[in-house]
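Participant: So in the working numbering, spot 133 of the sequence shown is number 133, and the numbers just go up one at a time. Take this structure first; my questions come after.
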Amino acid sequence: MKKIIIAGAGHGGIAAATLLAREGFDVTIYEKKQRNELGYDQVDSVHLDGFERSGVPVPEQYMVHRTGIAFRLPGQAAAALKQGVKEGTMNVEIPRKALYDWIIAPAEEAGVKFVYGVTVEGPIVLGSRVAGLKTSEGDVLADLVIDAAGVYSPVRSNLPESFGIQQSPAKYEVLHPRRYFFSRDPEAGEPENVYSVTVLPTPFCGIMWAIVKDDEVDVLLASFEDLGDEEYEEKLAQLKAVTPQIGELKRGGKLPDIPSRQPLSMLVADGYAAIGDAAFMTVPLKGSGVGHSLRAGKMLAETVIADKNGFYNRETLWPYQVRFFEAIGHGSALMAVLKNELPTITLDSLEYIFTAGIVSPELLEQFGSEAGFAKILMNSGIKELTDMGKKIVGHQALRRTIMRGASGLGRCKLVERGMKEKYESRTATKWAKNYDAFFASILKRSLSEAQRIKTGIADASLPEDED
Ligand SMILES: Cc1cc2nc3c(=O)[nH]c(=O)nc-3n(C[C@H](O)[C@H](O)[C@H](O)COP(=O)(O)OP(=O)(O)OC[C@H]3O[C@@H](n4cnc5c(N)ncnc54)[C@H](O)[C@@H]3O)c2cc1C
């Protein structure tokens, strides 16, 4: 019987484990937390697709009508732009702990073994192959290691450089969130919008949301900068001033970092496959981290099952990489191109975006759908952005940002063509190198532009559009 071990009880790892155990594989998950500590104070919004396309049953008791997001400018109460939502669109809103119960019970039933309270310290590498895991309880060998240990996975971070798998996310590739729950002030009446998001331009660089529920207000603040308490408190005060429903603080604080970047260029190696946040599969604000992980779990399990010889090497695991990128990864990478421009967005350009009709409610509706926005980017994103950029005659800095985004999308699409369906070592390595170099270059460029803006050498002294 082939032995598969999984680092961390991440959602995608559990989904893959369940399908593999049902096929007779010997599967063990090593998780550093205790069972009752899994999950945290968080209600996840998950697209139905995430369940339907992964084979995990939809938790129908948590299905709700999807609410459109109202986007606000910093310090303003009224929405500057509202996301359209097709009538009757359903979504799953499930507490994180209930989600774990939902996916762990069938995994255990299928025969997956969960070992709690054991910390994975890194991979065991023999030659060019991952042969097992070093854990706090000793070494464990296996035929395949699945890495589901999240954004700072000690497995991925400790792979030798020769594997060509990026070890750590760069600065601006993770959001640092804080979540607070307040009582709801009954005197304040009904909110104009249940779910509002404020985009926070540079230098805070992030988002904050307020979700006004029947009995409490759920607030999230997340920045790409790892800022101190003072900055967060200042933003919180700003949010309170425009959200009268926010009452007394009940609980809250820091939460784990959320990856917000392109997926890992190389998901597989000999004896190794990465999934979920360990492979940077989430796109924040889209309700996609869980869904993408569950769907990838199915793709990975099917790929492993198809390898009848049990090689589990880069070549036989490659179809997992190809399927993931075709269905999800290429679209997420294009979104990451646009996200990388965020550090260059000033309050002034943000106001312009919201007030000059540059982003339509329909476009935002596409952003909210599982595949919609990615599809736009894949099909015609460059043209749409270029047209947008041309229309912005009155705002040089923003026009530059948009044109850079359009040019980035074009270059990204070219780079992405380098990933071939059929595995061949040289082309696969070349693809990963080009993809990583491309994203490193656009991030570097955007950060140096942001620095220029911050130090005030901005707009006027910049040359006319480079792109
Ligand atoms: C504040 C916040 C809000 C979010 N909102 C949503 C949302 O609404 N919808 C959505 O779809 N997604 C949301 N996400 C993203 C979502 O949580 C992830 O994308 C998703 O959980 C996939 O991550 P994962 O399961 O792979 O990793 P994780 O959730 O990070 O799980 C990794 C597991 O590995 C364990 N682990 C880590 N290191 C070790 C180690 N050394 N040894 C053993 N075990 C280890 C961890 O304890 C953890 O159990 C949110 C994330 C955050 C932080």
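Ideal Cβ placement from N, Cα and C applies to all residues, glycine included. The structure presented is a predicted model; accordingly, all values stated were derived computationally and were not measured.
#1: Which value, in whole angstroms, describes the spacing of the CA atoms of Leu414 and Thr67?
#2: Between Ala222 and the rest of its own chain, which residues show a CB-CB distance below 6 Å, the 5 nearest in sequence each way excluded?
#3: Could you pull the start and end residues of the beta strand (DSSP E) that Lys134 belongs to?
#4: Just to confirm before moving on: does the CB-CB distance between Val155 and Asp277 stay below 9 Å?
#5: As a quick exercise: from Leu236, Glu302, Met1, pick the residue whose alpha carbon is nearest that of Leu468.
#6: Cα separation between Asp459 and Gly394?
#7: May I have the straight-line CA-CA distance separating Asp465 from Met403, to the nearest angstrom?
#8: According to DSSP, which residues form a beta bridge with Leu65?
#9: So does the segment 51-71 actually touch the segment 178-186, counting three or more Cβ pairs closer than 8 Å?
#10: Going straight from the alpha carbon of Gln468 to that of Arg426, what length do you get?
#11: Spatial neighbours of Glu449 within its chain, please: C-beta separation below 6 Å, excluding the five flanking residues on both sides.
#12: In or out: Pro463 buried (at least 16 other Cβ within 10 Å) or exposed?
#13: Can you tell me whether Pro177 sits near ligand 1, meaning its C-beta is under 8 Å from at least one heavy atom of the ligand?
#14: Are the beta-carbon atoms of Lys298 and Leu144 separated by less than 9 Å?
#15: Determine the DSSP secondary structure at Asp257, reduced to helix, strand or coil.
#16: Can we count Tyr423 as close to ligand 2, meaning its CB is less than 8 Å from some heavy atom?
#17: Using CA coordinates, which residue listed in Lys444, Phe280, Val115 is at the minimum distance from Ser153?
#18: Check whether the segment 128-140 touches the segment 231-251, taking contact to mean three or more Cβ pairs, one atom from each stretch, closer than 8 Å.
#19: Would you say the beta carbon of Leu144 comes nearer than 8 Å to a heavy atom of ligand 1?
#20: In the structure shown, what three-state DSSP assignment does Leu81 receive?
#21: Tell me the residue span of the alpha helix (DSSP H) that contains Ala333.
#22: Thinking C-alpha only, which one of Pro169, Gly271, Phe325, Thr429 is nearest Ala296?
#23: Could you have a look at Thr282 and say whether DSSP puts it in helix, strand or coil?
#24: Measuring CA to CA, which of Lys213, Gln34, Leu48 is closest to Met90?
#25: Check Gly189 in the structure and name its three-state DSSP category.
#26: Give me, in chain order, the residues of the same chain whose beta-carbon lies closer than 7 Å to that of Val112; leave out the 5 immediate sequence neighbours on both sides.
#27: Go ahead and pull the three-state DSSP assignment for Thr198.
#28: Whole-angstrom Cβ separation of Ile305 and Glu23, contact assumed at under 8 Å?
#29: Using the Cα positions of Gly10 and Lys33, report the straight-line distance between them to the nearest angstrom.
#30: Report all residues from its chain with a CB closer than 7 Å to the CB of Glu37; omit the five preceding and five following residues, and keep chain order.
#31: Which term fits Glu248, buried or exposed, when burial requires 16 or more other beta carbons within 10 angstroms of its beta carbon?
#32: Start and end of the alpha helix (DSSP H) containing Ile14?
#33: Hey, could you find the ends of the beta strand (DSSP E) Gly206 is sitting in?
#34: So does Ser153 have its beta carbon nearer than 8 Å to some heavy atom of ligand 1?
#35: Check the C-beta distance from Ala107 over to Ile14 and give it rounded, since I have them as a contact under 8 Å.
Facilitator: Let me spell this out:
#1: As a first step, residue 414 is located in the sequence shown; it is residue number 414 there, counting from the start. As a first step, residue 67 is located in the sequence shown; it is residue number 67 there, counting from the start. Cα to Cα, Leu414 sits roughly 36 Å from Thr67.
#2: Mapped onto the sequence shown, residue 222 falls at position 222. The residues are Leu175, Pro177, Gly206, Ile207.
#3: The residue labelled residue 134 in the question sits at position 134 within the sequence shown. Residues 129-135.
#4: Taking the sequence shown and counting its residues from 1, the one referred to as residue 155 is at position 155. Taking the sequence shown and counting its residues from 1, the one referred to as residue 277 is at position 277. Not closer than 9 Å, so no.
#5: One cannot answer for residue 468 here, as it falls past the ends of the chain, which runs 1 to 467.
#6: The residue you call residue 459 lines up with position 459 of the sequence shown. The residue you call residue 394 lines up with position 394 of the sequence shown. With a pLDDT of 49 at Asp459, under the threshold of 50, the predicted position of this residue should be treated as unreliable, though the coordinate-derived value follows. Straight-line Cα distance between these residues: approximately 12 Å.
#7: Reading the sequence shown from its first residue, position 465 is the one you call residue 465. Reading the sequence shown from its first residue, position 403 is the one you call residue 403. Confidence at Asp465 is low in this model, with a pLDDT of 46, below 50, so the placement of that residue should be treated as unreliable; the coordinate-derived value is given next. Their Cα atoms are separated by approximately 8 Å.
#8: Here the question's residue 65 lines up with position 65 in the sequence shown. For the record, residue 65 in the displayed sequence is His; it is not Leu. DSSP lists Met90 as partners of His65.
#9: no
#10: Outside the displayed span of the chain (1 to 467) sits residue 468, for which this structure offers no information.
#11: Residue 449 sits at position 449 when you count from the first residue of the sequence shown. Closer than 6 Å at the Cβ level, and outside the excluded window around Glu449, lie Thr344.
#12: Residue 463 sits at position 463 when you count from the first residue of the sequence shown. Unreliable placement is indicated for Pro463, whose pLDDT of 49 sits below 50; the coordinate value is still reported in the next sentence. Burial call: exposed.
#13: Here the question's residue 177 lines up with position 177 in the sequence shown. Result yes, Cβ under 8 Å from ligand 1.
#14: Walking along the sequence shown from the start, residue 298 turns up at place 298. Walking along the sequence shown from the start, residue 144 turns up at place 144. No, Cβ-Cβ distance for Lys298 and Leu144 is not below 9 Å.
#15: For the purposes of this step, residue 257 is taken as residue 257 along the sequence shown, with counting starting at 1. It is coil, neither helix nor strand.
#16: Absence of ligand 2 from the depicted structure is noted, with ligand 1 being the only ligands included.
#17: As a working note, residue 153 is residue 153 in the sequence shown. The residue with the shortest Cα to Cα distance from Ser153 is Phe280.
#18: no
#19: In the sequence shown, residue 144 corresponds to position 144, counting from 1. No.
#20: Taking the first residue of the sequence shown as 1, we reach residue 81 at position 81. Here Leu81 sits in strand by DSSP.
#21: Locating residue 333 in the sequence shown gives position 333, counting from the first residue. Here the alpha helix (DSSP H) through Ala333 covers 330-339.
#22: Mapped onto the sequence shown, residue 296 falls at position 296. Measuring from the Cα of Ala296, the nearest candidate turns out to be Phe325.
#23: Working through the sequence shown from its first residue, we reach residue 282 at position 282. In the structure shown, Thr282 sits in coil (DSSP, three-state: anything other than H, G, I, E or B).
#24: In the sequence shown, the residue the question calls residue 90 occupies position 90. Checked all of Lys213, Gln34, Leu48; the closest Cα to Met90 is Leu48.
#25: The count along the sequence shown starts at 1 and reaches residue 189 at position 189. Coil at Gly189, not helix or strand.
#26: Your numbering for residue 112 matches position 112 in the sequence shown. Taken in chain order, the residues that qualify are Ala17, Thr18, Ala21, Val27, Ile29.
#27: Reading the sequence shown from its first residue, position 198 is the one you call residue 198. In the structure shown, Thr198 sits in a strand (DSSP, three-state: E or B).
#28: Against the sequence shown, residue 305 aligns to sequence position 305. Against the sequence shown, residue 23 aligns to sequence position 23. Sure, about 5 Å apart at Cβ, within 8 Å.
#29: Here residue 10 corresponds to residue number 10 of the sequence shown, with the count starting at 1. Here residue 33 corresponds to residue number 33 of the sequence shown, with the count starting at 1. Between Gly10 and Lys33, the C-alpha separation is close to 12 Å.
#30: Along the sequence shown, read from residue 1 onward, the residue named residue 37 stands at position 37. Excluding positions up to five away in sequence, the list is empty.
#31: Mapped onto the sequence shown, residue 248 falls at position 248. Classification for Glu248: exposed.
#32: For the purposes of this step, residue 14 is identified with residue 14 of the sequence shown, where counting begins at 1. Looking at the DSSP string, the run of the alpha helix (DSSP H) that includes Ile14 is 11-22.
#33: Here residue 206 refers to the residue found at position 206 when the sequence shown is read from its first residue. Here the beta strand (DSSP E) through Gly206 covers 206-212.
#34: For the purposes of this step, residue 153 is taken as the residue at position 153 of the sequence shown. It does: the Cβ of Ser153 is within 8 Å (strictly closer) of some heavy atom of ligand 1.
#35: On the sequence shown, residue 107 is found 107 positions in, with the first residue counted as 1. On the sequence shown, residue 14 is found 14 positions in, with the first residue counted as 1. Yes, Ala107 and Ile14 are in contact; Cβ-Cβ is about 5 Å, under 8 Å.
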